[in-house]
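Here is the structure we will look at, set down as structure tokens.
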Amino acid sequence: MAKAAQTARPRRRERKNISSGIAHVNASFNNTMITITDVQGNAISWSSAGAQGFKGSRKSTPYAAQVAAEDAGRKAAEHGMRTLEVEVSGPGSGRESALRALQATGFTITSIRDVTPIPHNGCRPRKRRRV
Numbered sequence: 060m061a062k063a064a065q066t067a068r069p070r071r072r073e074r075k076n077i078s079s080g081i082a083h084v085n086a087s088f089n090n091t092m093i094t095i096t097d098v099q100g101n102a103i104s105w106s107s108a109g110a111q112g113f114k115g116s117r118k119s120t121p122y123a124a125q126v127a128a129e130d131a132g133r134k135a136a137e138h139g140m141r142t143l144e145v146e147v148s149g150p151g152s153g154r155e156s157a158l159r160a161l162q163a164t165g166f167t168i169t170s171i172r173d174v175t176p177i178p179h180n181g182c183r184p185r186k187r188r189r190v
């Protein structure tokens with residue numbers, strides 16, 4: 060006898076109660092990704108400009124970073140998060156606007172760290188663009 064096929068129920072996010080966390084803002088030249096984790100580094104919520112429906116060159120705009128940060132912040136606030144440390148990484152244009160959007164969402168920001176990796180003359184960089 061064949062078993063009855065189980066219907067896949069959508070997994071509901073369990074509501075954690077976490078008061079403080081770390082917001083990792085990765086602003087590349089093409090996109091801005093925001094991940095909010097607890098202090099141990101487990102992801103609570105995330106969002107990116109591409110996940111918000113921006114495509115192509117619109118992903119790299121400060122407004123797209125702002126929308127993504129608001130979305131990630133809203134999801135984290137549902138879990139009871141109030142205070143954030145912010146780690147900003149990358150050279151993109153969405154760094155400051157993502158930070159401002161997180162502040163506007165109602166989080167208390169305790170510290171801002173720039174964790175952009177800087178080589179001590181490591182790999183050879185890409186060729187310069189001639190526009």
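Going by our numbering, the residue at position 82 of the sequence shown is 141; the numbering climbs one at a time, nothing skipped.
All residues carry an ideal CB built from backbone N, CA and C; glycine is no exception.
With DSSP as the reference, label residue i as helix, strand or coil.
{"i": "V84", "result": "strand"}
{"i": "A128", "result": "helix"}
{"i": "S78", "result": "coil"}
{"i": "A110", "result": "coil"}
If the criterion is Cβ atoms closer than 8 Å, does the pair residue i and residue j meet it?
{"i": "R93", "j": "A136", "result": "One point to set straight first is that residue 93 is Ile, not Arg, in the sequence displayed. No."}
{"i": "A124", "j": "A86", "result": "yes"}
{"i": "S107", "j": "A127", "result": "yes"}
{"i": "F113", "j": "T142", "result": "no"}
{"i": "V190", "j": "V145", "result": "no"}
{"i": "P150", "j": "T169", "result": "no"}
Pull up the CB-CB distance for residue i and residue j, whole angstroms please, since I reckon it's below 8 Å.
{"i": "I81", "j": "T96", "result": "5 Å"}
Got a sec? Which residues, its chain only, sit under 7 Å from residue i by beta carbon, not counting five neighbours each side?
{"i": "K118", "result": "N89, N90, A108 and G109"}
By Cβ distance below 8 Å, which residues in the same chain neighbour residue i in space, the five residues on each side in sequence not counted?
{"i": "G100", "result": "I81"}
{"i": "T120", "result": "A108, F113, S152 and G153"}
{"i": "H138", "result": "R74, K75, N76, I77, I103 and S104"}
{"i": "M140", "result": "I77, S78, S79, G80, I95, I103 and F166"}
Might you give, ordered along the chain, the residues of its own chain that have their beta carbon closer than 6 Å to the beta carbon of residue i, omitting 5 neighbours on each side?
{"i": "D173", "result": "V147"}
Item to complete: Write down every uninterrupted run of the alpha helix (DSSP H) in the stretch 131-171 whose length is 4 residues or greater and which is fully enclosed by it, in chain order.
Response: 154-163
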